[in-house]
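Quick note on the numbering used here: the sequence shown kicks off at 22 and runs consecutively.
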Amino acid sequence: MSSYHGTRSDLVEFPQQIKYDLPLAICDRSLAYHLGIHNRTLWFCVLKKNKLYTLFSLEKRGRGGGRRGIQNPDKRLKKIQSVFLVRFLNNIPVGDHVGAYIQGRSCLDTAKQHVKSSVIVSMDIKDFFPSVQRAMIRRYFLSIGYGYRVASLMADLVTYKNFLPQGAPTSGMVANLVADWKFDQPIMRDLKRLDPQWRYTRYSDDIDVSHPEKQTRERVLEVVNIVRARVSAAGFRINEQKTKLEPYWNRQKVLGVVVNEKPNVPRIEYMRTKAIIHNCTVNGFVSQFRRAKKTSAAALISHIRGKLAYFKSIDKLKAEKLKRKFDIALELHIEESKDEVDFGTTNA
């Protein structure tokens, strides 16, 4: 828990230069001003922050299973964090190699950077958000020009205990900034020295590195070691079980998008969704949701809509073919499911 508080002249720090187009905060009062809150509200959120979160867990997606801990801030703290995100964090530029948590960027934008690769190396960072510690965040804000006490207050506003909470609106962008500073930039410098044609991207905790020309196995393993060493030195861990090397003769996927020749929908996923829609057309949604491992017909319909939206972002024509079939299923079975399902719109 932070022990510094109060406003005195000796706590005012005048930074020499703040990078980027960011508000000038030289003490707690000026930081509170830029957040649109009273100074006492700022200190309440800092000193009582660990009591302002609701804790729960959600099942993890994917084969690994397990549960993910969520730390959700209360409405007041979440609103302050949202202002901090807009007025401070979103004004810090991040390169195109970072895809997640940035408005206007998608997983497809990241995947496109690896189309027509001779080899793709995919790696995963274990416990990404919990690995971003308060001390790292404070050092980041110090590195862009803020004084120690202001940087400490900023780090307190965006952390639960000593790490990034999963439910805060600031966590994604803070994780991006810290990771970019701690290991993205060093990795890209190392790869550029090795060969300027190496391409590096990170989408949240998913790292992908690719090269358009054929590479020896030794050179690829050298790249893996560069990434592993830089991530480890930064205080993060690679999930070795999820490290994959995909040569051009295999089906290459980045963030679930096939990228061998052009961005494409994975055939297995497309056919599975097509089969679910067909079964729903013949037998109805109510009879199929358990078979699809969903909790209700409404959940199944929501799942299909999500898949169609995802497919549309990659291949509009394929998505439209499935959407027409999906619309027919809805028209046929709306009466039998109307008590259970809010059909809404089908703007996939």
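Yeah, the Cβ is synthetic: ideal placement off N, Cα and C, and Gly gets one too.
Taking each of F332, V278, F347, E34 in turn and checking the Cα distance to H299, the smallest one comes out for F347. P207 sits in a helix when the DSSP states are folded into three classes. The continuous alpha helix (DSSP H) containing V245 extends over residues 238-254.
For I47, no alpha helix (DSSP H) segment is defined, and its DSSP state is neither H nor E. With 16 or more neighbouring CB atoms inside 10 Å of its own CB, H118 falls in the buried class. Using a 10 angstroms sphere on the CB of P94, the tally of other CB atoms reaches 16 or more, which defines it as buried. For K274, the pairing in a beta bridge is given by DSSP as V279. The region 122-140 makes contact with the region 225-243, as at least three CB pairs between them are under 8 Å.
Using a Cβ-Cβ distance cut-off of 8 Å, the region 210-225 and the region 241-256 are in contact, since at least three pairs of beta carbons, one from each stretch, lie closer than that value. Taking 8 Å as the cut-off, the Cβ atoms of V280 and A156 do not count as close. The three-state secondary structure of Q124, taken from DSSP, is coil. Rounded to whole angstroms, Y54 and I228 show a C-alpha spacing of 38 Å.
Separation of Y269 and H135 (C-alpha to C-alpha, rounded to the nearest whole angstrom) is 11 Å. In this structure, the straight-line span from the alpha carbon of R223 to that of A121 is close to 8 Å. Checking the DSSP bridge columns, you'll see G90 partnered with S78. When secondary structure is reduced to three states using DSSP, S152 falls in the helix class. Using a Cβ distance threshold of 8 Å, Y167 and W202 do not count as a contacting pair.
In the three-state reduction of the DSSP assignment, L163 falls in the helix class, which pools H, G and I.
DSSP links D145 through a beta bridge to D227. The way I'd put it, the region 124-131 doesn't touch the region 45-64; fewer than three beta-carbon pairs between them come closer than 8 Å. Assigned with DSSP and collapsed to three states, K96 falls in helix. Cβ-Cβ separation between Y291 and P186: approximately 36 Å, too far for a contact (criterion under 8 Å).
Ranking D148, Q218, F65, S173 by CA distance to the CA of F257 puts D148 first. Collapsing the DSSP output to three states places L266 in a strand.
When rounded, the separation of the alpha-carbon atoms in V153 and P207 is 17 Å. Excluding five sequence positions before and after K274, none of the CB atoms of its chain fall closer than 6 Å to its own CB. Taking a C-beta distance under 8 Å as the contact criterion, N112 and Y41 qualify as a contact pair.
Within the same chain, Cβ atoms closer than 8 Å to the Cβ of F184 are found at F150, P151, S152, V153, Q154, R155, the five residues on either side in sequence being excluded. By the C-beta density criterion, D216 is exposed, having fewer than 16 other C-beta atoms within 10 angstroms.
Taking all protein chains in view, the Cβ of I297 is crowded by 16 or more other Cβ atoms within 10 Å, so the residue is classified as buried.
Cβ-Cβ separation between D226 and D336: approximately 26 Å, too far for a contact (criterion under 8 Å).
The residues Q102, F105, L106, L110, V179, in chain order, have a CB closer than 7 Å to that of T191 in the same chain once the five nearest residues on each side in sequence are set aside. Note on geometry: alpha-carbon atoms of G188 and R97 lie some 14 Å from one another.
The beta-carbon separation of L343 and T294, rounded to 6 Å, stays under the 8 Å limit for a contact.
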